[in-house]
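Novice: Just dropping this structure here.
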Amino acid sequence: MTRILRSTARSLTRRSVLGLLGAAPAAAALTSVGLRASRAKAATGQLNIYSWPDYFSTADLEAYAKKTGVTPNISTYDSDDTMFAKVNSPAGAGFDIVIPGSSWIKQLAAKGLLEEIDHGKLDLASLDPHLLNRDYDPGNKYSIPKDWGLLGVIYNPEAVGGEIKTWEDFFKAGEKPGVSGKIRMSDSGWETIGPELWLQGKDWNAVGEAEIRKAAERLKAFAKHVKSFSGLDANALANGSIVLAQTNQAKARAAIGLNPKLKWVVPGPWSELWVDNYVLIKDAPNLEQAYDFLAFQLRPEIQLAETEYIGFPAALNGLRDKLGADVKDADLIFGGKDVDFSKLTSFVVNPETVGFYSQLQTEIQAAAG
Amino acid sequence: MTAERAYRSDWRDHAMDGGLVLWYAAAVIFLFAPIIAAIVYSFNLGVVNKQTAVLTGWTLQWYPAAWHDLSLRRAVSASLVVSFWSALISIVMGTLLGYAIVRHPSPKVRRFLAGFTYMLLIVPESVIGVSLLLFFAVTRFPLNTATLVAGITPMAIAVVALVIRARVLTLDREVEDAAADLGSTRIATLWLVILPQLAPAVAVGGVMAYTFSFDNLVVSAFLTTARINTLPVYLYGSLQYGPSPAVYAAAAAVFLFTMLLLAIAVLVYWGTRRRATA
Amino acid sequence: MKPAVGRSAAGRFNLRHASAAQTADHFLAGIPTLWLAIFFLAPLGFTVVFSFGRSTFGGVALDFTFANYATALSGFYGAAFLRTLVFAATASGLCLLVAFPAAYFIARHTSRFRLLAITLILIPYFSSFLIRVMALTMLMSREGFLEMILNALHLHQGPLDLLDTQTAVFVGIVYAYLPIAVVPLVVVLDRIPKGLTEASRDLGATRWETFLLVTLPLSRPGIASAIMLTAVPMLGEMVIPKLLGGSRGVLMGQALSSQYLQAQNYPLGSAMAVLVLLGVAVIVGLLAWVTKGFAEVGR
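Residue numbers (numbering that gives the first Met the number 0), protein chains in the order written: chain A, 0 to 368; chain B, 0 to 277; chain C, 0 to 298.
Rendered as structure tokens:
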């Protein structure tokens, strides 16, 4: 059987399988007519967003609805990879705005799923330059940062018996009695293997299969100390069933709110910065509405309100100073006072290697159980 | 009958009976504890808008918060609608299937149907989800509520079919044969003779189909669209960043609402029964 | 002895109704079969076709290669499959152990309140399952309700580290599948005539002997149904091991799903799915053959 020809840059699942029916050109024309026609018929006054649940402040959404009469319709996903699978399929039709993590933007663009952002329509000048023009989307061709997070470590200094400054400290601490068996690591292959790659001085976006496998060996040996790879519960940290965990700064803030003795650190030599972004879907049915919504969301006062609601910092420049004095542990929202952005790297999903990261994560989890 | 027993119930029998009662009671408590806990936690203050295992304070704010969260509200109503239709379709299809597994004249067909039904339960949901997604892609069927319902039904149908099958096996064949002798067609026999006897099994099967559809997560995650999202998909996604007590409030409200509907249905049923026997 | 279509037990043959009855039979069986063929078999057919293809990261290039099957049969996934089988068998057994006495109580000791007894077990299921599992984690967490109770009853001392363990997963699974196991057991236990157990006791058997030699064998079909309804879906269970077990160890559900989602490798995922299907079908077939197709005892 021959490889199915792609008639356009559209996703393979939509088009190539039609080619299977031996009707590639005709079917392609039909689908493009069919899909576009149905999209053009979509009523104005709608906006479809695909996002994490509870990721927009309800007060802001109501304010937007009052202002424009349009209530955004938000569908939710439970992980970035489900998001990618859906957007890359006909189930993704009808979405206007999607909120992908930074790691998937390059692949979404490569599949031709994203609409290029018209920078003339939106003003990105108010955003923090550290978050713009990053490796995962040079020039912000397709994405606008919504909020961001860091991969760091939260730990109980008494149980760990010291400070953690680097990922080596993390691994060493994990082997101690009293800490072993009470560790939480990430369920994403690159976040678990990444620290070892960084310690070896490697770039997780530039390594090949051999290096990833070699780094994973250490993690497989370490896995027996790990209690959980699932979503971290702040309560577990507060009551001591987990004393050492990889997590993001918002979870850490919630845990410290329950147990102020805990400490948070972004370990060296490198760590991860992830950014959740607004992207526009190609042939979105309500493109104008989407731009209007994005302009609204980029307003400084809205970004401020969103930060307070979801606990993750929006991309606004100078946001720290704008936060009210009554916000608890405000520094923690930003990952602490002295976060060095030059030591942060964002993961970009690479079809050649992501399969290995994912496979090895499965093996690491198997080694733990 | 009992007066003619040759053995006497002794203390061991009574102890056993007592033990069974306790076991049943423990099972019921075990099953109820989490839903009661969820209702209690819906009044918990939480910390930085997230739920906590320790009760940090009492508040009613999460109920209006859940109402104002349009995404959550729509997910709840979509779940109710989808599970209603899925249960309806599954009851009809499942009853027919369960009946056919037992009563179809050809043993080959019976074996095929039975194997087919079990297969519906064997296939992992993620496989079903992806296959359906790609299937609708190729057939260029637009994804909407109907496709979501259709995607959930196979597994619900299997559940209903197995419950019905178990019940049909207990039915007396001779009654159906008598009906046939008296000139009843197959369908009339089904409707007038068998179905009334199956009624409790249909009810139980229907309940199980409804709850299965309402809680369906994996297939739904693949088949939800821009316009329709379901509650389990919403909840599962909220686990990543931590749910707020608002989702507990939403779940508690839905549960109480469903209980109310059930109570009304039961009262109506009793009312008609009483009138029929009066 | 099954009377043929249109023939009554007395042997009278209703010619007029024979063919009409046959059509009706086929029609009635055909409706669900058609529905399922469209919404289940056809999509599965795609899975089989894709399992021979090559991955284009989120799509499939149609091809005819066995490479996916080779990977899927590799040591790691084979071990994961076996581990999942053991897990499902154990969890299903546990579930049945808990369900049986409850079902026995409902079937043999309630008559007027039968419906109420079953309803009580089913009521919690009218609320969202995920919320209940989340509440279960809170109850089982440290300084949670369960710890309080166990400490008060002096069954346990100090903090309870139950979450993220295999035990917690089994608790969650039993919780989730209990009513599914209870219902077929109630159905079958209900059918065992009280006279039989009484006769056995009359003849001098102890309660335990009666149970083992009379009740248990007669409830075989119900037990088989309950096992099928619980063990088989447990093979694909992903949510409870993640929420209550900390995602440790690896089960087929998670391994499959990660191929489809994280690795975007549809062909490999499909090959794994086909193998799982075949493996389970073989096991179920063997079980059916050993227990003679879950046939009713004494029919």
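Yeah, the Cβ is synthetic: ideal placement off N, Cα and C, and Gly gets one too.
#1: What residues in its chain sit with their C-beta under 7 angstroms from that of residue 331 of chain A, if we drop five residues either side in the sequence?
#2: Nearest-angstrom Cα distance between residue 143 of chain A and residue 241 of chain C?
#3: Nearest-angstrom Cα distance between residue 79 of chain A and residue 25 of chain C?
#4: Which two residues bound the contiguous beta strand (DSSP E) that contains residue 48 of chain A?
#5: Between residue 226 of chain B and residue 285 of chain A, how many whole angstroms is the CB-CB distance? I'm expecting something under 8 angstroms.
#6: Can you list, in chain order, the residues of its chain with a C-beta nearer than 7 angstroms to that of residue 141 of chain A? Leave out the 5 residues immediately preceding and following it.
#7: Any Cβ of chain C within less than 8 angstroms of the Cβ of residue 365 of chain A?
#8: Determine, using beta carbons only, whether residue 70 of chain B comes closer than 8 angstroms to chain A.
#9: Evaluate residue 132 of chain A with the Cβ neighbour count: other Cβ atoms within 10 Å of its Cβ, from every protein chain shown; 16 or more gives buried, anything less gives exposed.
#10: Does the count of Cβ pairs from the segment 206 to 217 of chain C and the segment 174 to 193 of chain A closer than 8 angstroms reach three?
#11: Going by DSSP, what residues sit across from residue 291 of chain A in a beta bridge?
#12: Using a Cβ-Cβ distance under 8 angstroms, would residue 110 of chain C count as near chain B?
#13: Is it buried or exposed for residue 123 of chain C, if we count other Cβ within 10 angstroms and need 16 for buried?
#14: Under 8 angstroms between beta-carbons, which chain C residues line up against residue 282 of chain B? List them in chain order, please.
#15: Residues of chain C with a CB under 7 angstroms from the CB of residue 139 of chain B: which are they?
#16: Could you tell me which chain A residues have their CB closer than 9 angstroms to the CB of residue 67 of chain B, listed as they occur along the chain?
#17: List the whole-angstrom C-beta distance separating residue 54 of chain C from residue 259 of chain C, where the pair is believed to meet the contact cut-off of C-beta under 8 angstroms.
#18: Mind pulling the chain C residues with CB within less than 7 angstroms of residue 153 of chain B?
#19: Less than 8 angstroms between the beta carbons of residue 35 of chain C and residue 123 of chain B, yes or no?
#20: Go through its chain and collect everything with a Cβ distance to residue 224 of chain B's Cβ below 7 angstroms, but skip five positions before and after it.
#21: DSSP on residue 173 of chain B, reduced to helix/strand/coil?
#22: Measure the C-alpha to C-alpha separation of residue 45 of chain C and residue 119 of chain B and round it to an integer number of angstroms.
#23: Given a threshold of 16 other Cβ atoms within 10 Å of its Cβ, counted over all protein chains shown, does residue 52 of chain A qualify as buried or as exposed?
#24: Using CA atoms only, rank isn't needed, just tell me which of B:23, B:9, B:236 and B:243 is closest to residue 116 of chain C.
#25: Between the segment 228 to 245 of chain A and the segment 291 to 298 of chain A, do three or more beta carbon pairs fall short of 8 angstroms?
#26: Give a yes or no on whether 8 angstroms exceeds the smallest Cβ distance from residue 186 of chain A to chain C.
#27: With residue 259 of chain A as the anchor, note down where its alpha helix (DSSP H) starts and where it stops.
#28: Is there at least one Cβ from chain C nearer than 8 angstroms to residue 102 of chain A's Cβ?
#29: The segment 142 to 160 of chain C: which residues have C-beta closer than 8 angstroms to a C-beta of chain A, in chain order?
#30: Among B:65, B:47 and B:43, which one has its Cα closest to the Cα of residue 57 of chain B?
#31: In the structure shown, what three-state DSSP assignment does residue 123 of chain C receive?
#32: Under 8 angstroms between C-beta atoms, does residue 22 of chain B make it to chain C?
#33: Anything in the segment 59 to 87 of chain A with a Cβ closer than 8 angstroms to a Cβ of chain C? List those residues in chain order, please.
#34: Between the Cα of residue 351 of chain A and those of A:207, A:345, A:358 and A:280, spot the shortest distance and give me the residue it belongs to.
#35: Suppose you measure from the CA of residue 38 of chain C to the CA of residue 183 of chain B; what does that come to, to the nearest Å?
#36: Compute the Euclidean distance between the alpha carbons of residue 67 of chain C and residue 261 of chain C, then round it to the nearest angstrom.
Specialist: On the basis of the supplied data:
#1: 248, 251, 252, 255 and 263
#2: 32 angstroms
#3: 46 angstroms
#4: 47 to 50
#5: Going by Cβ atoms, the distance from residue 226 of chain B to residue 285 of chain A rounds to 12 angstroms, so no, they are not a contact pair.
#6: 104, 108, 113, 115, 116 and 278
#7: yes
#8: yes
#9: exposed
#10: no
#11: Paired residue(s): none; residue 291 of chain A is not in a bridge.
#12: no
#13: buried
#14: Given a span of 0 to 277 for chain B in the structure shown, any question on residue 282 of chain B remains unanswerable.
#15: Simply none; closest approach about 14 angstroms.
#16: 57, 58, 60 and 61
#17: The Cβ separation is near 11 angstroms, so there is no contact.
#18: 35, 38 and 39
#19: no
#20: 142 and 143
#21: helix
#22: 16 angstroms
#23: buried
#24: B:23
#25: no
#26: yes
#27: Counting along the chain, residue 259 of chain A falls outside any alpha helix (DSSP H), and DSSP gives it neither H nor E.
#28: no
#29: 142, 158 and 160
#30: B:43
#31: helix
#32: yes
#33: 78, 80, 81, 83, 84 and 87
#34: A:207
#35: 34 angstroms
#36: 17 angstroms
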